[in-house]
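In what follows, a single structure is set out as structure tokens and then discussed.
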Amino acid sequence: MDQTTLNIIVVGLSFCLYFGIAIWARAGSTSEFYAAGRGVNPVINGMATAADWMSAASFISMAGLIAFVGYSNSTFLMGWTGGYVLMAMLLAPYLRKFGKYTVPEFIGDRYYSTTARIVAVIALIVCSVTYVIGQMTGAGVAFSRFLEVDNTTGLYIASAVVFVYAVLGGMKGITYTQVAQYCVLIVAYTIPAIFISLQLTGNPIPGLGLFSTMSEGTAGAGMPLLSTLDGLLNDLGFNQYTTGSNPWLMALFTLSLMIGTAGLPHVIIRFFTVPKVSDARWSAGWALVFISLLYLTAPAVGAMARLNIMTTMWPDGVEGEAVAVEDLPDWFQTWQVTGLLGVEDLNGDGRIQYYNPGNPEMETMAAERGWTGNELVTFNRDILVLANPEIANLPGWVIALIAAGGLAAALSTAAGLLLAISSSISHDLIKSIINPNISEKGELLAARISMAGAIALATYLGLNPPGFAAQTVALAFGLAAASLFPTLMMGIFSRRMNSAGATAGMLAGLLSTCLYLFAYLGWFFIPGTAFLTTDQYLFGIPPTHFGPIGAMLNFGVAYLVSGMTAAPPQHIQDLVDSVRIPRGAGAALAK
Amino acid sequence: MSENNNEYWAANKRLITFCMVIWALSSYGFAILLRPLLSGIEVGGTDLGFWFAQQGSMLVFLVLIFFYAIRMNSIDKKFGVDEQ
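Just so you know, the sequences run in chain order A and B.
Sequence positions in the first sequence follow numbering that gives the first Met the number 0 and run 0 to 590.
Sequence positions in the second sequence follow numbering that gives the first Met the number 0 and run 0 to 83.
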């Protein structure tokens, strides 16, 4: 059986599993559609949150993202996990106690203002739509890579699969599918990682292998893996793996990711599905357990795969001869076809020299040894995860599992985002503003139609990604950090915060972040419309790091305006008091 | 809000502050800004700061969330505001 057939079988089986769950977990009420009837066990919710959170990018690209830069990109690891501490202590339990269905609903009720609610809906939709574009394109790419269908067909299949369980089951269907998707993706990620770690270090746990010494028979036998990697990179003129860049900017970027993570609505609403306030706290912990299983493995996978490729290119070490073209391993040939790896024998010596020609110190060595440039001309970072089963000589079904895992990661995140968008439309706009008299049945139908509409929109944007798609993730995190997180937090921690203050603060965060991004990246990311250049960063802060500054502006403006206007009415202050106390959360179960 | 509930909220805020200090110390501190101070401590071919950046901080976050959940459960009970 060839690899593509095997891939189709494994991916097909995983889809059958998702469809089975969709039929079993149909939503019969709005409570089930928006919050899975608030009956999800905290451990199960933790698993679903992990799948919700870990996107195609986490699965396919993160190991490479870390491996190509090393220490400095640890910011992603810390930022995308540290946000759960903020979530567990500052937001999730209180929002669960509030006991409604959407993030804008809390903002609208707490600040007794339809304006505030609409601003929150806008922030939510901008965050989630920009985020979902990447998931849809990711799913399309995963399909085309593994199943040999073209990108467009892949995207249609992905949309159809999400359509089945998201429209039928809403949050309930999505939750239990996400649990299945988590299992698929973590198994797919871990198996090749274990084998690679065993081969290189003899340690079956990749996270421990990263800090172990190399096994006998490998290039750096007896030396710590990281020293071997640092040494090789240094000899070839690349940046050292374990050294870093400007620590203040690293800290700022980490903070930006942490606050952004805690403010992303599709993650927050997952905590509305557990039965109790104490479950929301536990559940954040479980989510981090399941996320860490992948995030502790990712840096190990990255470092080990990079080391593997370096030793493949330099089988006798940097002092010896580079690999001959005809000696390149089979997997190298396979992946060259996909365009993710590419070699070109520039100096015509029949060997492939891989080094960093951009480093001036390499010039003498290159001249002496007759190198005329880096001959590993294409080295896509995704290869570090995708080619792992082949590098480790694992059987075909493991490769097929990676295909199913990548798709599971993309679909689970897309579904979570689509639910955040559609519930905001049907509940925050239709139910509360356009037609407050809508019946329970009518709202459930509206929710299903909104979901179908959101999927259609996401599919369209996935097929025709706007030119700025790559930059929009920075926008999503920036907006979540600058607009939603501070407003939610003040709604809980400040009894005195009033409607005028919160709305002004939210707008200040929203507008300052957009302005700062647009100033350097162009108005609405249209190339050529930027009016400031990258050497004119305010205090040297790049636009991707702006989240915490936007959040501070939000807090500052909110307190200033609130201080000058009247305190919120008594019933709002009572509401704040009630969300702070766990007792009575069950009452919100009443439908 | 009753006196009891005010005290409960103050206890919660104290616990959060304590957890946040450790949260910041393990990530912004040991992994980034204070890394030079830990450079003498070697772990698997590199220094302790690198370990904190790639694994340690994440493990600390995990412990913190579960610690917070357990402590809050007993604080909820102590002030009689737990869910029955």
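Glycine included, each C-beta is placed from N, C-alpha and C at the ideal position.
Bear in mind that the values here come from a model prediction, so they are computed numbers and not experimental data.
For this session: Tell me, please, whether the CB atom of P485/A is closer than 7 Å to any CB atom in chain B?
Result: no
Exercise. Got a sec, what are the start and stop residues for the alpha helix (DSSP H) H544/A sits in?
Worked result: Segment: none, H544/A is in no alpha helix (DSSP H) and carries neither H nor E.
For this session: Check each candidate in T502/A, A503/A, Q535/A and name the one with the smallest Cα separation from L516/A.
Result: Q535/A
Problem set entry | Beta-carbon neighbours of R582/A, restricted to chain B and to distances below 9 Å | D75, G79, V80, D81, E82, Q83
Problem set entry | Bounding residues of the alpha helix (DSSP H) (the contiguous stretch that carries G452/A) | Its alpha helix (DSSP H) spans residues 439-462.
Problem set entry | For D576/A and N72/B, believed in contact at Cβ under 8 Å, the rounded distance | Contact doesn't hold; Cβ gap of about 20 Å is too wide.
Exercise. If you check the beta carbons only, do A157/A and G405/A fall under 7 Å apart?
Worked result: no
Exercise. On the premise that R34/B lies in contact with G48/B, defined as a C-beta separation below 8 Å, what is that separation, rounded to the nearest angstrom?
Worked result: 3 Å
For this session: Using a Cβ-Cβ cut-off of 7 Å, state whether Q54/B counts as contacting chain A.
Result: By this cut-off, Q54/B is an interface position.
Exercise. In the segment 424-444 of chain A, which residues sit with their C-beta less than 9 Å from some C-beta in chain B, listed in chain order?
Worked result: none
For this session: Would you grab the beta carbon distance between A181/A and A49/A for me? Rounded to a whole angstrom, and I think it's under 8 Å.
Result: Reading off the sequence shown, one finds Tyr at residue 181/A, where the question assumed Ala. Sure, about 5 Å apart at Cβ, within 8 Å.
Exercise. In this structure, does DSSP put A550/A in helix, strand or coil?
Worked result: helix
Exercise. For the segment 276-291 of chain A, which residues have a CB atom closer than 7 Å to at least one CB atom of chain B, in sequence order?
Worked result: V276, S277, R280, W281, A283, G284, L287, V288, S291
Exercise. Should V300/A and A446/A be called a contact, given that it needs their Cβ atoms to be closer than 7 Å?
Worked result: no
Problem set entry | Contact set between the segment 25-57 of chain B and chain A, restricted to residues whose Cβ is under 8 Å from the partner | S26, Y27, A30, I31, L32, R34, V42, G43, G44, T45, D46, F49, W50, A52, Q53, Q54, S56, M57
Problem set entry | Y354/A vs G236/A beta-carbon contact at 7 Å | yes
For this session: Determine the chain B residues that contact Y70/A at a beta-carbon separation under 7 Å, and present them in chain order.
Result: What Y70/A touches in chain B: F49, A52.
Exercise. In or out: V20/B buried (at least 16 other Cβ within 10 Å) or exposed?
Worked result: exposed
Exercise. Anyone know if the C-beta pair for V39/A and T260/A falls short of 7 Å?
Worked result: no
For this session: Taking the CB atoms as reference points, tell me whether G168/A and A26/A lie closer together than 7 Å.
Result: yes
For this session: Measure the alpha-carbon distance for P191/A versus L393/A and round it to whole angstroms.
Result: 7 Å
Exercise. On the premise that A24/A lies in contact with K171/A, defined as a C-beta separation below 8 Å, what is that separation, rounded to the nearest angstrom?
Worked result: 5 Å
Exercise. When the Cα atoms are used, what is the spatial distance from N553/A to R368/A?
Worked result: 58 Å
For this session: Please name the residue or residues paired with P223/A in a DSSP beta bridge.
Result: Answer is T212/A, bridged to P223/A.
For this session: Provide the residue span of the alpha helix (DSSP H) that contains W522/A, from first to last.
Result: Where W522/A is concerned, there is no enclosing alpha helix (DSSP H), given that its DSSP letter is neither H nor E.
Problem set entry | Residues within the segment 234-254 of chain A neighbouring chain B, beta-carbon criterion of under 7 Å | T241, P246, M249, A250, T253
Exercise. Counting only beta-carbon atoms, is D500/A nearer than 7 Å to chain B?
Worked result: Correcting the residue type first, residue 500/A is Gly in the shown sequence and not Asp. Cβ-Cβ to chain B under 7 Å: no for G500/A.
Problem set entry | Nearest residue (CA-CA) to F252/A, options A529/A, G78/A, G19/A, L460/A | With distances taken between CA atoms, F252/A lies nearest to G78/A out of A529/A, G78/A, G19/A, L460/A.
Exercise. So, is the C-beta of A68/B closer than 7 Å to a C-beta in chain A?
Worked result: Interface residue, yes.
Exercise. R495/A: buried (16+ other C-beta within 10 angstroms of its C-beta) or exposed?
Worked result: exposed
Exercise. From I65/A to T296/A, what distance separates their C-alpha atoms?
Worked result: Answer to the nearest angstrom: the Cα atoms are 12 Å apart.
Problem set entry | Alpha-carbon to alpha-carbon, G539/A and P264/A | 30 Å
For this session: State the Cα-Cα distance for the pair V607/A and A386/A, rounded to the nearest angstrom.
Result: Nothing about residue 607/A can be read from this structure; chain A reaches only from 0 to 590.
Problem set entry | Min CB distance R480/A to chain B below 7 Å | Note that residue 480/A is Ala in the sequence shown here, rather than Arg. So no, A480/A is outside the interface.
For this session: Show which residues of chain B have a CB atom less than 9 Å away from the CB atom of P568/A.
Result: Going along chain B, no residue has its Cβ under 9 Å from P568/A, so there is no contact; the nearest lies around 15 Å.
Exercise. Which whole-angstrom value describes the C-beta separation of T311/A and V322/A, a residue pair presumed to lie in contact below a C-beta threshold of 8 Å?
Worked result: 6 Å
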